[in-house]
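Student: Residue numbering for the sequence shown follows numbering that gives the first Met the number 0, starting at 0 and increasing by one per position. Cβ atoms here follow ideal geometry from the backbone N, Cα and C, with glycine treated the same way.
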Amino acid sequence: MESLPQGYRALVLGASGAIGEALVNQLGADPRCQQVHALSRQSDPAFDLLHEQSMAVCAAALAHLGPFHLVIDATGALMIDGRGPEKRLDELNADHLLRAMQLNAVGPALLLKHFSPLLASGERVIWAKLSARVGSIEDNRKGGWYGYRAAKAALNMLLQTAAIEISRRRPLAVVAALQPGTVRSTLSQPFVGDDALAPQISAQGLLQALDAAPATGRAVFLDHKGQCIPW
0 MESLPQGYRA LVLGASGAIG EALVNQLGAD PRCQQVHALS RQSDPAFDLL
50 HEQSMAVCAA ALAHLGPFHL VIDATGALMI DGRGPEKRLD ELNADHLLRA
100 MQLNAVGPAL LLKHFSPLLA SGERVIWAKL SARVGSIEDN RKGGWYGYRA
150 AKAALNMLLQ TAAIEISRRR PLAVVAALQP GTVRSTLSQP FVGDDALAPQ
200 ISAQGLLQAL DAAPATGRAV FLDHKGQCIP W
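1. Taking the Cβ atom as the reference point for each residue, do N103 and K151 lie within a distance shorter than 8 Å?
2. Could you give the DSSP three-state label for I71: helix, strand or coil?
3. Determine the DSSP secondary structure at R148, reduced to helix, strand or coil.
4. Could you check the C-alpha separation between G121 and G65 for me, to the nearest Å?
5. How do the stretch 204–213 and the stretch 154–165 stand: do at least 3 beta-carbon pairs fall below 8 Å, yes or no?
6. Take L12 and list the residues in its own chain whose beta-carbon comes closer than 8 Å to its own, dropping the five residues that flank it on each side.
7. Nearest-angstrom Cα distance between H223 and E90?
8. What residue does the beta strand (DSSP E) around C32 start on, and which one ends it?
9. Across which residues does DSSP place L12 in a beta bridge pair?
Here it is as structure tokens:
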């Protein structure tokens, strides 16, 4: 990460997932990274996307280890309570839709609330969140996946709105929604083929894309190749 200060400090949220773990490993191998901290439901301290208080406790526990120059939120859920994305309108269920929104939009927004104050001031900093291309309203050409699409679209709006606020105090901040590509992981296993990316390849591409992203006061929506995705 050449664009961040020498000795930058990084934090990965959702580090127990395939992409999160790969990001931790990539950052740990970067000689310019002073420290990388990994948080998940299994870490100590741990957080739960459905319990805001756990996020507040984690943020307070890490405050003395900052400030951080790079925070990557790698949380997310595609299979929820044993159910995959809805393909048709007649499959919609209110509880399942709300659960998708909680895990893919509300929870990540609350992570922003509690962890973005730990970002450094007066230096280039990056807040990145794994999103999905299917969250693009303009790029939706196939339909289906109602809850997941809607939650990721909501997430993207939350990130865009937060980017405006964060830039007022941290004009050098980058806020990014990321499409990691189709990656081999527990999350995507039922839906991917043999051509899926290895997590480490996706992680490497995402970090390169973030390194090149400009600070504009607006969020960017990027894929693992550094290409912009329409909102």
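Tutor: On the basis of the coordinates in this document:
1. Counted from its first residue, the sequence shown places residue 103 at position 104. Counted from its first residue, the sequence shown places residue 151 at position 152. In this structure, K151 lies closer than 8 Å to N103 by Cβ.
2. Residue 71 sits at position 72 when you count from the first residue of the sequence shown. Residue state for I71 is assigned as strand, using DSSP reduced to three classes.
3. Residue mapping note: residue 148 aligns to position 149 of the sequence shown, counting from 1. If DSSP states are grouped into helix, strand and coil, R148 belongs with the helices.
4. Residue 121 sits at position 122 when you count from the first residue of the sequence shown. Residue 65 sits at position 66 when you count from the first residue of the sequence shown. Spanning the two alpha carbons is a distance of roughly 14 Å.
5. Flag = no, the stretch 204–213 and the stretch 154–165 do not touch.
6. Residue numbering aside, residue 12 sits at position 13 when the sequence shown is read from its first letter. Closer than 8 Å at Cβ, skipping near neighbours: G19, L38, S39, F46, V70, I71, D72, A73, T74, L110, F114.
7. As a position in the sequence shown, residue 223 is number 224, starting the count at 1. As a position in the sequence shown, residue 90 is number 91, starting the count at 1. Their backbone Cα atoms lie some 31 Å apart in a straight line.
8. To locate residue 32, count along the sequence shown from 1; it is residue 33. Segment 32–38, the beta strand (DSSP E) holding C32.
9. Mapped onto the sequence shown, residue 12 falls at position 13. Partner(s): L38, D72.
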